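Comments concern the structure below.
In the numbering used here, the protein residues as written are 250 to 513.
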């Protein structure tokens, strides 16, 4: 595709939406700065982008490592001034029961990982008076969801972070986009024991995200049917939603239990 961005940093580029976004933006005269935790899969992403004649630099990095991320991003930005950063790296917890450790782990990756990716670039973008920041939230980020406590909490926080930064950075010429996708096909979602309406392939999701970023959209939420329902649901008072969420959680646990029994 033809893009207005020249130096693009994407975290979580080893697979899923991150890899699909890298491939979507890959083109001659575009420099891609890609991070991920899986070195082999990250190299596969880089090879696919090289094939599209993009310049690619990769680093096997953990977004929760603040010092490493600061040093890496400072070095990359010095050589390739970043005009678009997509803070995409994220995880979710398998199953329906979560202890404190698992909640803290998901929050560390999904929220602190975004902070460790975005904040090192803000001073340089302010100085250049240009830049675009995109943070990966989710449609699950409009409402706290039982059986997905850590994931929905972290994505709520990421959405709030992006929405708060947007007006704060506007006077410095920096755009901020919050990305809220629905269900995307990944190895993780393949294991979900519940229906996933409007399940989308990563490549299709990446195309939609890329179009929105090129247009400078403040929020990219899709598919529209689920986005509309999620935002309406978030506006309803708990007295109307709690009983429904309780029943949904109960059904989800039952399905997961049956799936576990079948595997056993």
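Even for Gly, the Cβ is constructed at its ideal location relative to N, Cα and C.
The structure presented is a predicted model; accordingly, all values stated were derived computationally and were not measured.
Where does residue i fall in DSSP's three states?
| i | result |
| --- | --- |
| residue 276 | coil |
| residue 497 | helix |
| residue 262 | coil |
| residue 535 | This structure cannot speak to residue 535, because the chain is shown only from 250 to 513. |
| residue 190 | Because the chain in this structure spans residues 250 to 513, residue 190 falls outside the shown range and cannot be described. |
| residue 448 | coil |
| residue 481 | helix |
| residue 252 | coil |
| residue 411 | helix |
| residue 393 | coil |
| residue 339 | coil |
| residue 370 | helix |
| residue 281 | strand |
| residue 356 | helix |
Starting from residue i, follow its DSSP beta bridges and name the residues at the other end.
| i | result |
| --- | --- |
| residue 424 | 381 |
| residue 469 | 428 |
| residue 310 | Bridge partners of residue 310: none, in fact. |
| residue 333 | 257 and 381 |
| residue 433 | 449 |
Is the CB-CB distance between residue i and residue j below 8 Å?
| i | j | result |
| --- | --- | --- |
| residue 262 | residue 284 | yes |
| residue 364 | residue 425 | no |
| residue 355 | residue 371 | no |
| residue 459 | residue 270 | yes |
| residue 428 | residue 265 | no |
| residue 357 | residue 313 | yes |
| residue 273 | residue 455 | yes |
| residue 431 | residue 443 | no |
Between which residues of its own chain and residue i is the CB-CB distance below 7 Å, once the five residues before and five after are set aside?
| i | result |
| --- | --- |
| residue 291 | 262, 263, 283, 285, 307 and 309 |
| residue 352 | 398 and 399 |
Looking only at its own chain, which residues have a Cβ that is under 8 Å from the Cβ of residue i, when we skip the five neighbours before and after it?
| i | result |
| --- | --- |
| residue 360 | 403, 406, 407 and 410 |
| residue 510 | Note on residue 510: pLDDT 40, under 50, position unreliable in the model; no value is reported. |
| residue 483 | 391 and 392 |
Using C-beta distances below 6 Å, list every residue in its chain close to residue i, excluding the 5 sequence neighbours before and after it, in chain order.
| i | result |
| --- | --- |
| residue 457 | 471 |
| residue 494 | 395 |
| residue 374 | 380 and 423 |
Just the Cα atoms here: how many angstroms apart are residue i and residue j?
| i | j | result |
| --- | --- | --- |
| residue 412 | residue 450 | 27 Å |
| residue 280 | residue 491 | 47 Å |
| residue 287 | residue 489 | 43 Å |
| residue 299 | residue 251 | 16 Å |
| residue 386 | residue 326 | 24 Å |
| residue 260 | residue 322 | 11 Å |
| residue 255 | residue 275 | 10 Å |
Does residue i come within less than 8 Å of chain D when only Cβ atoms are used?
| i | result |
| --- | --- |
| residue 480 | The chain labelled as chain D is not found in the depicted structure, where only one protein chain is given. |
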